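A.B. asks:
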Amino acid sequence: MLNAVWALLMLVALGFGGAHGTIDSLGSGLFTQAMQAAKLAIDLAAVTAFWFGLSRIAEKSGLLESLARPLMPLLHWLFRKLPDGHPAFALMAMNLVANALGLGSAATPFGLKAMQELARGMPDRETASDEMILFLVLNSAALNLLPAGTIAMRAAAGSLDPAGTAVASTIVTGVAFVSALILHGVFRRAARSSA
Amino acid sequence: MIQAVGGLAGWLVPVFVAAVLLHGLWRRVDLIAEFVNGAREGLQLSFSLFPYLLAIYVAVAAFRMSGALEMLSTWLAPVLHPLGVPAALLPLLLVRPLSGSASAGLVMSLLHQHGPDSFLGHLVSTIQGSSETTLYVLTVYLGSVGVRRSRYALPLCLSVDAIGYATAIIVAGWLWH
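Right, here's the structure in full:
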């Protein structure tokens with residue numbers, strides 16, 4: 003899919019350039035743009051590295067764990083079918099908190115471990131359970147309080163207010179989070195009645 | 120109100136960094152050692168992602184420089200304009216669920232071309248900051264436990280993404296237009 007998108011962009015650009023007499027500027031432009039991408043990548047790498055470093059400290063100090071604790075009642079209510087004290091709860095909470103704080107590097111390992119716990123004892127190991135799908139959709143709605151990656155990119159592009167879209171992102175992910183819960187109910191019911 | 124929100128957001132990062140450092144200090148974490156370890160990992164990730172960023176950045180730049188994007192925008196304007204969707208946003212909406220590095224490359228080139236503090240810059244940042252690489256998350260998370268049949272996971276997650284994009288366009292129009 004991505005392959006097709008990329009090929010389409012490049013070939014349409016080159017073909018269009020040939021047909022409309024912009025091919026000369028394209029020829030030299032490709033390389034200046036490549037150099038530009040490298041300059042941006044270095045700025046971006048610096049900020050990403052900083053955020054990964056910070057993320058490691060928050061994980062080692064147990065800060066993520068204490069932030070995840072208030073989420074537990076909500077998760078117990080959402081995942082009613084899981085027994086109390088199921089190991090997936092703490093892992094899912096850590097995953098969601100790390101995501102919310104833009105600490106994506108810390109989030110993924112917790113998410114993968116949570117999936118393993120959810121998969122344990124499933125009758126059919128090759129089919130996704132409702133709980134797994136609920137966790138995935140909460141993850142992809144990605145409640146976000148501090149979009150660190152975006153702040154990094156805005157800073158690298160020379161923004162005067164790199165964190166200026168953080169509040170808007172939080173509102174949007176809040177709406178997405180609630181829609182995820184509602185739609186999960188709708189899709190689950192539809193899947194059950196068609197099965 | 121927008122200024123108050125903006126002022127608050129400026130405090131967000133410094134306060135968060137200070138909180139992480141103080142908590143680490145209190146729990147006797149070897150701050151510099153852990154920071155360096157984490158940062159090294161981040162650097163390695165950035166370098167391994169660079170080829171993707173390069174590929175998409177150059178392709179989008181070529182598409183723009185050839186004049187093809189302008190023509191596409193003109194064609195699609197009658198459909199997109201009533202919905203409030205800037206045509207320049209279209210490639211991002213298509214690529215965002217597919218690839219994190221590709222969408223990061225797109226966001227960078229849009230921020231650079233239109234300016235990070237323009238309306239489009241704000242809108243693009245809001246979308247990037249409020250969405251996930253859905254297809255990647257589904258593939259990696261389900262693949263890691265050997266699940267083959269994802270049932271309604273993909274249509275559900277893509278519907279939630281679409282709601283997110285629409286909300287971002289509304290919120291950005293409300294805050295920055």
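Chains as they are written, first to last, in the numbering used here: chain A, 3 to 197; chain B, 120 to 296.
Think of the CB as a built atom: it goes at the ideal place given N, C-alpha and C, for glycine as much as any other residue.
All values reported here derive from a predicted model rather than from experimental measurement.
What are the complete alpha helix (DSSP H) segments, minimum 4 residues, inside the stretch 207-284 of chain B?
C.D. replies: Listed in chain order, the complete alpha helix (DSSP H) runs (minimum 4 residues) inside the stretch 207-284 of chain B are 209-214, 219-233, 238-248, 253-263.
A.B. asks: At the 7 Å Cβ level, is histidine 88 of chain A part of the contact set with chain B, yes or no?
C.D. replies: No, no contact with chain B.
A.B. asks: Report buried or exposed for arginine 268 of chain B, applying the criterion of at least 16 other Cβ atoms within 10 angstroms of its Cβ.
C.D. replies: Arginine 268 of chain B comes out exposed.
A.B. asks: How would you list, in chain order, the residues of chain A whose beta-carbon sits under 7 Å from the beta-carbon of glycine 186 of chain B?
C.D. replies: Simply Phe18, His22, Thr24.
A.B. asks: Mark serine 250 of chain B as exposed unless 16 or more other C-beta atoms lie within 10 angstroms of its C-beta, in which case mark it buried.
C.D. replies: The residue is buried, with at least 16 neighbouring Cβ atoms inside 10 Å.
A.B. asks: Give the residues of chain B in contact with arginine 1 of chain A, contact being defined as C-beta atoms less than 7 Å apart.
C.D. replies: Nothing can be reported for residue 1 of chain A, as the shown portion of chain A is limited to 3 through 197.
A.B. asks: Quick one: does methionine 74 of chain A have its CB under 7 Å from some CB of chain B?
C.D. replies: By this cut-off, methionine 74 of chain A is not an interface position.
A.B. asks: Of all the CB atoms in chain A, is at least one closer than 7 Å to the CB of glycine 262 of chain B?
C.D. replies: No - not a single Cβ of chain A is within 7 Å of the one on glycine 262 of chain B.
A.B. asks: Counting pairs of Cβ atoms below 8 Å between the stretch 84-99 of chain A and the stretch 64-74 of chain A, do you hit three or more?
C.D. replies: Yes, the stretch 84-99 of chain A is in contact with the stretch 64-74 of chain A.
A.B. asks: Taking beta-carbon pairs under 9 Å, can you tell me which members of the stretch 173-185 of chain B lie near chain A?
C.D. replies: Here the close residues are Leu173, Ala174, Ile175, Tyr176, Val177, Ala178, Val179, Ala180, Ala181, Phe182, Arg183, Met184, Ser185.
A.B. asks: For alanine 181 of chain B, which of A:Ile25, A:Lys83, A:Leu80 has the nearest alpha-carbon?
C.D. replies: Closest by alpha carbon: A:Ile25.
A.B. asks: Can you list, in chain order, the residues of its chain with a C-beta nearer than 8 Å to that of leucine 140 of chain B? Leave out the 5 residues immediately preceding and following it.
C.D. replies: Hits under 8 Å: Leu150.
A.B. asks: With three or more C-beta pairs closer than 8 Å as the rule, is the stretch 87-95 of chain A touching the stretch 187-202 of chain B?
C.D. replies: No, the stretch 187-202 of chain B does not touch the stretch 87-95 of chain A.
A.B. asks: Say whether chain A places a C-beta atom closer than 7 Å to the C-beta of arginine 215 of chain B.
C.D. replies: Chain A contact via Cβ: absent.
A.B. asks: Can the beta-carbon of threonine 152 of chain A be found closer than 7 Å to that of glycine 248 of chain B?
C.D. replies: Yes, the Cβ-Cβ distance between threonine 152 of chain A and glycine 248 of chain B is below 7 Å.
A.B. asks: Compute the beta-carbon to beta-carbon distance between leucine 147 of chain A and threonine 172 of chain A, rounded to the nearest angstrom, for a pair I have assumed lies under 8 Å.
C.D. replies: Contact holds; Cβ gap of about 6 Å.
A.B. asks: Taking 7 Å as the threshold (beta carbon to beta carbon), is tyrosine 271 of chain B in contact with chain A?
C.D. replies: Interface residue, yes.
A.B. asks: Given that a residue counts as buried once 16 or more other Cβ atoms are within 10 Å of its Cβ, and exposed if not, what is alanine 123 of chain B?
C.D. replies: Residue confidence is low: alanine 123 of chain B scores 47 on pLDDT, short of 50, so the model does not pin down where it sits. No coordinate-derived value is stated.
A.B. asks: Starting from serine 161 of chain A, trace the alpha helix (DSSP H) in both directions and tell me its first and last residue.
C.D. replies: Element bounds for serine 161 of chain A: n/a, residue is neither H nor E.
A.B. asks: I'd like to confirm the pairing. Which residues does DSSP put opposite threonine 129 of chain A in its beta bridges?
C.D. replies: According to DSSP, which records beta bridges pairwise, threonine 129 of chain A is partnered with B:Arg268.
A.B. asks: Looking only at C-alpha atoms, which of A:Gln35, A:Ile59, A:Asn141, A:Ala40 sits nearest to phenylalanine 135 of chain B?
C.D. replies: When each option's Cα is compared against that of phenylalanine 135 of chain B, the closest is A:Ile59.
A.B. asks: With H, G and I counted as helix, E and B as strand and the rest as coil, what does DSSP make of lysine 83 of chain A?
C.D. replies: Looking at lysine 83 of chain A - three-state DSSP - the assignment turns out to be coil, as it is neither helix nor strand.
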